[in-house]
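For the protein sequence lines, the chains are G and H, in the order given. Going by the numbering used here, the first sequence opens with residue 1, and the numbers climb by one from there. Going by the numbering used here, the second sequence opens with residue 1, and the numbers climb by one from there. Below is one structure, written out as C-alpha cells; comments come after it.
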Amino acid sequence: MTSDRDPQLLKGVLPMLTLAALTRDESYGYELVAALRAAGLAELSTGTLYPVLTRLERDGLVTSRLVASSSGPARKYYRPSDAGLAALRTQRAAWAALVATADRVLHAAAETAAAGTATTDTAPATAPTHPEGTR
Amino acid sequence: MTTHHDTAPDAPATGGAHRLTWRDRQRLSWWFLRFELAMQDYPGREARRIRRELHASVLDDASRIGLDAALRDLGSPRRLAAGYFAELEHERPRWTDGAVLAAVVGLALPLYSWLGWQMGALDAVDAMGGGTVELSWFGSPVTLTRTAEEISMTTSVTWGPLALSAGLALVAFALGARVWRLRRG
C-alpha cells in the first residue's frame, strides 16, 4: 500500500508531520524516522528526513540541543520552537482545508463515475424499447 | 540555538552493539568524501555544520543498526546532497559544474580539435606527395612538414585561438554554473 504513495506527496507534508511528531516529545533524527515509520510512513528514510530537519532548524521552526552520549558522538535532539508551533497550527488548518477540497472533488468524481456506470448497466434494458426502424 | 548538555535525559541506547571495523571506517571516509564533493557549492559554513552533524548521526545510527544499514538508509551521497540543496531557499549557482564544463569546452575540446586538425593536415600533405606547407588555424600561422625524413609542426600562439578558447570557456562556465541563479540568490 505504502509503495503506491507518490513521493512528492510525502515531500510536501513531511515538514508538517515532522513538526507534529516533535510536539509529543523532543527527539533525534533516527528516533523520529522510526516514529514516523511506525505511524505509517514505512518508506521514510533518514536520507529524506535529515535535510528537512536542517531546513526546519534554519527557518527557526525547531530548536536543538546536543546530548552527550557515553558510548558515541553527541546526539542532537529537536523540539518545535514557538514559531514552529504557530507554523504547525497554520499548516494544519491549510491541510484540513485542502483535504476537504480534495474530498469534495473526489466525491463528485466518484458520483459521476457511478452514474456513468449505472447508465451503462441499464442501457441494454432500454434498447429494446426503441423500434428497429428508428435507427 | 544549539546547546550542550552533559547528560542525556534518556540514557543513550548506543551500547556499541555494532563496532566499526577498520574497513568500515574506510568506507565511511569514502562515503563522506563523495558527500563533500556533491556538497561543494553549498554555502560553506552550513555545509561544514551539516557534515559534522551528519557524521555524528551516522556513527550513532551505525552503532545501533550497523554501518551497512545506516548508509543504505541515507541513500547515495549525491542524492542526499541533492536533498539538502532542494531544501535551500533559492537554487544556487553550481560553480564546480561550471568549472568542469569550462575546462572541457574551453581547454580539452580546442586542444583535441587542434591536434586532430594537425594530424589531418599532415596526412593531406603526405597524400599530395609530402613537403612543407604554411597554413593558418584561427589566425595562428602553422608550418607543417611531412617528408620521408621529417614530420614536424611549428606554430606560434596568437590571440585568435586564445580568445576563442577563452570565449568558449566563459560561455561553458556560465551555462554550467547556471549563473542566472545569482539574480534570485
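The beta-carbon is built from N, C-alpha and C at its ideal position, and this holds for glycine as well.
Inspect the beta-carbon positions of residue i and residue j and report whether they are closer than 8 Å.
| i | j | result |
| --- | --- | --- |
| G62(H) | A70(H) | In the sequence under discussion, the amino acid at residue 62(H) is Ala, which differs from the Gly named in the question. Yes, they are a contact pair. |
| A177(H) | G106(H) | no |
| P15(G) | V67(G) | no |
| A38(H) | R78(H) | yes |
| A35(G) | L88(G) | no |
| F138(H) | G116(H) | no |
| G83(H) | T48(G) | yes |
| V171(H) | R146(H) | no |
| Y50(G) | S64(G) | no |
| R27(H) | R92(H) | no |
| T18(G) | L32(G) | yes |
| P110(H) | L175(H) | no |
| A83(G) | L56(G) | no |
| A81(H) | F35(H) | yes |
| P73(G) | L59(H) | yes |
| T132(H) | Q40(H) | no |
| P141(H) | E150(H) | no |
| A148(H) | G130(H) | yes |
| F173(H) | L101(H) | yes |
| M153(H) | L144(H) | yes |
| R92(G) | L22(G) | no |
| T46(G) | D68(H) | no |
| H18(H) | R51(H) | no |
| Y28(G) | R75(G) | yes |
| A9(G) | L41(G) | According to the sequence shown, residue 9(G) is Leu rather than Ala. Against a cut-off of 8 Å, the Cβ pair of L41(G) and L9(G) comes out as no contact. |
Which residues mark the beginning and the end of the beta strand (DSSP E) in which residue i is found?
| i | result |
| --- | --- |
| G139(H) | G139(H) -> no beta strand (DSSP E), and no H or E assigned at all. |
Which residues does DSSP pair with residue i in a beta bridge?
| i | result |
| --- | --- |
| T155(H) | V142(H) |
| T132(H) | T145(H) |
| S27(G) | Y78(G) |
Specify, as a first and last residue, the run of the alpha helix (DSSP H) that residue i falls within.
| i | result |
| --- | --- |
| W22(H) | 22 to 38 |
| G120(H) | 109 to 127 |
| W95(H) | 95 to 103 |
| S57(H) | 44 to 65 |
| G47(G) | 46 to 58 |
| A81(H) | 77 to 86 |
Does the beta carbon of residue i sit closer than 8 Å to a beta carbon anywhere in chain B?
| i | result |
| --- | --- |
| T54(G) | The structure shown contains no chain B; its protein chains are G and H. |
Nearer than 7 Å: is that true of the beta carbon of residue i relative to any heavy atom of the ligand MN?
| i | result |
| --- | --- |
| A87(G) | Looking at this structure, you won't find the ligand MN or any other ligand, since it has none at all. |
Interfacial residues, the stretch 53 to 64 of chain H to chain G, with Cβ spacing under 7 Å: E53, L54, A56, S57, L59, D60, D61, S63
Scan the stretch 68 to 116 of chain G and note each continuous beta strand (DSSP E) run of 3 residues or more that stays entirely inside, going in chain order. 75 to 80
Along the stretch 75 to 87 of chain G, where does the CB come closer than 9 Å to a CB of chain H? Name the residues. R75, K76, Y77, S81
Taking a cut of 9 Å between CB atoms, which residues from the stretch 29 to 54 of chain H lie near chain G? E46, R49, I50, E53, L54
Chain G contacts made by the stretch 84 to 101 of chain H, where a contact means CB separation under 9 Å: Y84, F85, A86, E87, L88, E89
Looking at chain H, which residues of the stretch 18 to 31 of chain G have a Cβ within less than 7 Å of any of its Cβ atoms? G29, Y30
Positions along the stretch 158 to 185 of chain H whose CB lies within less than 8 Å of some CB in chain G: none
Which residues of the stretch 71 to 85 of chain H have a Cβ closer than 8 Å to any Cβ of chain G? Give them in chain order. D73, L74, G75, R79, L80, G83, Y84
Residues of the stretch 36 to 48 of chain G whose Cβ lies closer than 8 Å to any Cβ of chain H, in chain order: S45, T46, G47, T48
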